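First up is the structure itself, then whatever we jot down about it.
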Amino acid sequence: MANKPKLAFYWAASCGGCEITITELGMRLVDFDEKVDIVFWPCAMDFKYDDVRALDDKEIDVCFFNGAIRNEENEEIAHLLRRKSKVLVAFGACSHLGGIPGLANLSDTESIIQRVYCTTPSLDQTRGTLPQISCKVPEGNICIPEMYDHVKTLAQIEEVDYFMPGCPPVVEQVWSVLQVILAGQLPKVGSTIGADAKTVCDVCPRQKGRSGLRIKEFKRPHEVELDPDTCFLAQGIICCGPATRAGCGLPCISANMPCRGCYGPPEGVVDQGSKLLSAIAALIDTDNPAELQKIMDTIVDPVGTFYRFSLADSILSELKHKRP
Amino acid sequence: MNHNPHAPETFADRVRNIPGGEHLEMCYSCGTCVSKCMIQQKVEPEYNPRRLLRLVMMEMEEEAYESPTTWLCSGCDLCYPACPQEIHISGVIGAVKSLAVEKGYTSPLDTVSVDESLCSGCAICVMVCPYEAPHLIEKIVDGVNDRFSEVDANRCMGCGICVASCPTGAIAREGVSNTDIVRQIPHEVVKTDAPSLMVFICDWSLRADADLEILESYPENVKVIHIPCSGRIDPQLALLSLRSGISGVLVCGCKSGECHYQRGTDVANCKISMLDRMFDQMDLADGRVRFVQIGTQDRGRIRKEIDQMLLHLTSLQEVC
Chain A
4 MANKPKLAFY
14 WAASCGGCEI
24 TITELGMRLV
34 DFDEKVDIVF
44 WPCAMDFKYD
54 DVRALDDKEI
64 DVCFFNGAIR
74 NEENEEIAHL
84 LRRKSKVLVA
94 FGACSHLGGI
104 PGLANLSDTE
114 SIIQRVYCTT
124 PSLDQTRGTL
134 PQISCKVPEG
144 NICIPEMYDH
154 VKTLAQIEEV
164 DYFMPGCPPV
174 VEQVWSVLQV
184 ILAGQLPKVG
194 STIGADAKTV
204 CDVCPRQKGR
214 SGLRIKEFKR
224 PHEVELDPDT
234 CFLAQGIICC
244 GPATRAGCGL
254 PCISANMPCR
264 GCYGPPEGVV
274 DQGSKLLSAI
284 AALIDTDNPA
294 ELQKIMDTIV
304 DPVGTFYRFS
314 LADSILSELK
324 HKRP
Chain Y
60 MNHNPHAPET
70 FADRVRNIPG
80 GEHLEMCYSC
90 GTCVSKCMIQ
100 QKVEPEYNPR
110 RLLRLVMMEM
120 EEEAYESPTT
130 WLCSGCDLCY
140 PACPQEIHIS
150 GVIGAVKSLA
160 VEKGYTSPLD
170 TVSVDESLCS
180 GCAICVMVCP
190 YEAPHLIEKI
200 VDGVNDRFSE
210 VDANRCMGCG
220 ICVASCPTGA
230 IAREGVSNTD
240 IVRQIPHEVV
250 KTDAPSLMVF
260 ICDWSLRADA
270 DLEILESYPE
280 NVKVIHIPCS
290 GRIDPQLALL
300 SLRSGISGVL
310 VCGCKSGECH
320 YQRGTDVANC
330 KISMLDRMFD
340 QMDLADGRVR
350 FVQIGTQDRG
360 RIRKEIDQML
370 LHLTSLQEVC
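Sequences listed follow chains A and Y, in order.
Each residue of the first sequence is one higher than the one before, counting from 4 in the working numbering.
Each residue of the second sequence is one higher than the one before, counting from 60 in the working numbering.
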């Protein structure tokens with residue numbers, strides 16, 4: 004068939020979970036493959052960057068780009084794929100919001116390199132080997148891509164047409180989005196696809212908190228026996244559900260674990276972590292500054308909790324990295 | 060007090076029978092409560108708890124229901140420790156108000172409302188409200204049972220604590236909605252030698268007309284956004300201000316224990332303290348966001364706080 008839509012899949016700074024979610028389509032993927040041409044998918048098929056370079060501009064119909072922008076190579080390929088694709092989809096939490104790699108923005112490149120190559124206790128530190136951008140060997144000069152000072156989202160470096168959230172996007176949502184693409188029914192450019200408009204609480208079946216319920220101590224899921232029918236917040240457990248878009252089908256909540264926030268903020272929210280902070284801090288019950296410090300101590304790693312998947316996309320990260 | 064068991068129940072009896080209303084008769088009309096009341100000073104000169112209690116004792120039911128005192132009391136309890144008779148006045152007023160609601164009277168206050176197209180039914184508003192105004196209701200929407208928040212307008216005092224805490228922006232009140240406040244934050248501020256400051260000020264914490272004049276006396280670089288209570292502050296508003304290039308943010312509220320809406324100051328303190336911890340983790344903690352609590356006796360202190368903040372921000376700029 005001459006007019007089969009051409010698709011591309013790419014992974015930048017990611018764990019591979021987004022790739023697994025596509026393979027989870029199983030036999031549906033085999034059927035799907037007959038309806039489309041996959042022209043680039045380095046994780047699963049043998050393509051080279053030159054194959055993409057050889058394509059005409061806008062020859063790819065839809066490119067699913069997962070992973071954050073962590074280094075020069077990620078950015079170079081993002082620009083290349085943008086040029087070659089009619090539609091660019093930020094696929095998964097990392098390209099959408101920075102995801103888990105985005106938590107590196109708590110730190111900077113130098114301290115990360117120090118930690119990974121020098122001070123990790125299990126390392127043999129005697130040789131002091133550090134990765135070099137470029138290295139002379141008898142055969143010539145070999146280079147690795149330069150790691151950036153901080154992690155960026157795809158939309159921070161390129162124009163993105165659609166955002167598909169999730170760590171990873173759940174397989175049923177992937178399938179429905181593929182159907183939408185085949186039917187040529189993609190919504191308005193800039194939309195979030197494969198997810199709901201409202202938050203996790205909208206579909207969470209748990210009994211919600213009552214009037215005047217306040218928190219004196221936050222607990223972590225492993226510290227208490229959790230009631231499977233009651234709102235996590237009402238049990239003093241931080242749940243990101245109130246500030247997280249629904250669409251995941253609640254795998255965490257059903258497994259009696261609080262929402263981690265991977266589907267990102269709902270429509271209209273700019274900064275997921277600060278909105279979640281605003282909701283949760285208002286539940287704290289104290290008028291005593293010393294007690295407040297003690298209560299806040301029970302939130303281990305507030306940035307990592309409130310911005311677990313969205314730090315690279317946050318104003319907090321922007322403020323840190325814009326500083327002179 | 061009605062000592063005759065056969066006599067018909069009076070209005071005062073009904074007020075006394077509601078928990079909170081039992082101290083009615085202890086009032087000997089000294090007026091100390093009026094002298095402590097922020098509403099009387101700032102909003103409604105006719106506001107007068109002493110007089111309301113007297114109306115009840117004189118069986119002037121209609122007048123009591125129509126009195127602004129019945130509806131404007133937010134239970135801040137500034138009058139409570141001052142009352143020589145130790146009457147929990149807001150309790151008595153609350154009892155009158157609940158009878159008024161039973162009779163079909165409604166609150167004249169501007170209250171919040173919920174946009175169901177945005178509400179996820181998370182119940183954050185239900186939990187944070189000092190007045191138990193919001194509650195969840197169930198409704199069938201497109202054949203599916205869905206939950207939404209609904210606000211009891213007769214309980215809502217319009218503080219905006221729920222507006223700030225709602226993660227989806229579903230709750231709003233004219234003038235204090237997210238859009239109304241975000242609109243006042245400049246999009247981009249050009250950096251100059253003088254640092255710029257955004258002041259979010261709770262209008263109750265302005266202790267005199269002179270305080271407002273102080274606020275207005277600053278040049279362009281000090282921008283002021285009025286909020287109904289410091290509990291209306293949402294960390295996203297502070298972050299948006301900083302992103303626009305403003306050098307620092309000062310949030311002003313009342314002293315803890317003196318908050319007009321009971322817990323607004325404590326809520327704001329929790330939010331800003333938590334934001335501070337995040338700044339610390341991000342290596343950004345340099346005091347550029349500050350929360351100050353202005354006591355009822357702190358007339359003119361706003362000038363000192365703004366000047367100190369500007370000095371601090373100037374020293375930060377010099378370091379850069």
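Here a beta-carbon is modelled for each residue, glycine too, at the ideal position from N, C-alpha and C.
These numbers were taken from a predicted model, which means no experiment stands behind them.
In chain Y, which residues lie with their C-beta within 8 Å of the C-beta of Thr289 (chain A)?
Asp325 and Cys329
Could you give the uninterrupted runs of the alpha helix (DSSP H) lying entirely in the segment 28 to 110 of chain A, keeping only those of 4 residues or more?
30 to 38, 52 to 56, 75 to 87 and 96 to 100
Measure the beta-carbon distance from Ile241 (chain A) to Pro254 (chain A) and round it to whole angstroms, keeping in mind my assumption that it falls under 8 Å.
Actually they do not touch by this definition, with Cβ atoms about 18 Å apart.
Given that a residue counts as buried once 16 or more other Cβ atoms are within 10 Å of its Cβ, and exposed if not, what is Asp232 (chain A)?
exposed
In chain order, what residues of the same chain have a beta carbon less than 7 Å from the beta carbon of Gly212 (chain A), not counting five sequence neighbours either side?
Cys234, Leu236 and Ala237
Contact between the segment 335 to 345 of chain Y and the segment 221 to 240 of chain Y (3+ Cβ pairs under 8 Å)
no
Can you check whether the C-beta of Asp228 (chain Y) is within less than 8 Å of a C-beta belonging to chain A?
Sequence check: residue 228 (chain Y) is Gly here, not Asp. By this cut-off, Gly228 (chain Y) is an interface position.
Report the residues of the segment 170 to 183 of chain Y with a CB closer than 9 Å to any CB of chain A, ordered along the chain.
Ser176, Leu177, Cys178, Ser179, Gly180, Cys181, Ala182 and Ile183
For the segment 67 to 76 of chain A and the segment 89 to 97 of chain A, state whether three or more C-beta atom pairs, one from each stretch, are separated by less than 8 Å.
yes
Own chain, CB closer than 6 Å to Met4 (chain A), minus 5 neighbours either side, in chain order
The predicted position of Met4 (chain A) is uncertain, since its pLDDT is 47 and thus under 50; a value taken from the coordinates is nonetheless stated next. So the list is empty, once near-sequence residues are dropped.
Quick check: is the beta carbon of Glu272 (chain Y) nearer than 8 Å to any beta carbon in chain A?
no
Give the straight-line distance between the Cα atoms of Asp230 (chain A) and Cys207 (chain A), rounded to the nearest whole angstrom.
14 Å
Rounded separation between His225 (chain A) and Val173 (chain Y) - CA only:
36 Å
Taking any Cβ of chain Y, which residues in the segment 295 to 322 of chain A have a Cβ under 7 Å from it, in chain order?
Leu295, Met299, Pro305, Val306, Ile318, Leu319, Glu321 and Leu322
If you draw a straight line from the C-alpha of Arg358 (chain Y) to the C-alpha of Glu103 (chain Y), how long is it?
20 Å
Go through its chain and collect everything with a Cβ distance to Leu310 (chain A)'s Cβ below 6 Å, but skip five positions before and after it.
Inspection of the sequence shows that residue 310 (chain A) is occupied by Tyr rather than by Leu. Around Tyr310 (chain A): Gly276 and Ser317.
When Y:Cys188, Y:Leu137 and Y:Val283 are compared against Ser214 (chain A), the one with the closest alpha-carbon:
Y:Cys188
Once DSSP output is grouped into helix, strand and coil, what is the label at Met167 (chain A)?
strand
Using the beta-carbon count (16 or more within 10 Å), is Pro327 (chain A) buried or exposed?
Interpretation of Pro327 (chain A) is limited by its pLDDT of 46, a score under 50 that renders its predicted location unreliable; the figure taken from the coordinates is listed afterwards. Exposed.
Gly169 (chain A) and Ala315 (chain A) closer than 8 Å at C-beta
no
Return the residue from the list Y:Gln367, Y:Ile220, Y:Glu84 and Y:Pro167 that minimises the CA-CA distance to Asp145 (chain Y).
Note on identity: in this sequence residue 145 (chain Y) is Glu, with Asp being the wrong assignment. With distances taken between Cα atoms, Glu145 (chain Y) lies closest to Y:Glu84.
Would Asp342 (chain Y) count as contacting chain A if we go by Cβ distances under 8 Å?
yes
Count the C-beta pairs between the segment 114 to 131 of chain A and the segment 43 to 60 of chain A that are closer than 8 Å, then say yes if the count reaches three, no if not.
no
Can you give me the Cβ contacts of Ser166 (chain Y) inside the same chain, cut-off strictly under 7 Å, excluding the 5 residues immediately before and after it?
Trp130, Ala212 and Asn213
Mind the definition here: the segment 254 to 273 of chain Y touches the segment 283 to 301 of chain Y only if three or more C-beta pairs lie below 8 Å; say whether that holds.
yes
When you compare only the Cα positions, how much space is there between Ala16 (chain A) and Asp152 (chain A)?
14 Å
Is Pro327 (chain A) helix, strand or coil when you go by DSSP?
Here the model assigns Pro327 (chain A) a pLDDT of 46, short of 50, so the residue's position is not dependable, and the following value carries that caveat. Pro327 (chain A) falls in the coil class under three-state DSSP.
State the Cα-Cα distance for the pair Leu295 (chain A) and Ser224 (chain Y), rounded to the nearest angstrom.
18 Å
Please report the distance separating the alpha-carbon of Leu271 (chain Y) from that of Glu161 (chain A).
46 Å
Using the three-state DSSP reduction, which class does Glu294 (chain A) fall into: helix, strand or coil?
helix
Using DSSP with H/G/I as helix, E/B as strand and the rest coil, what is Asp72 (chain Y)?
helix
What three-state label does DSSP hand Thr233 (chain A) in the structure shown?
strand
Please tell me whether Ser281 (chain A) has its Cβ less than 8 Å away from any Cβ of chain C.
Absent from the structure is chain C; the protein chains it does hold are A and Y.
Contact criterion: CB-CB distance below 8 Å. Does Asp366 (chain Y) meet it with respect to chain A?
no
Does DSSP put Ile318 (chain A) in a helix, in a strand, or in coil?
helix
Under 8 Å between C-beta atoms of Val200 (chain Y) and His194 (chain Y):
no
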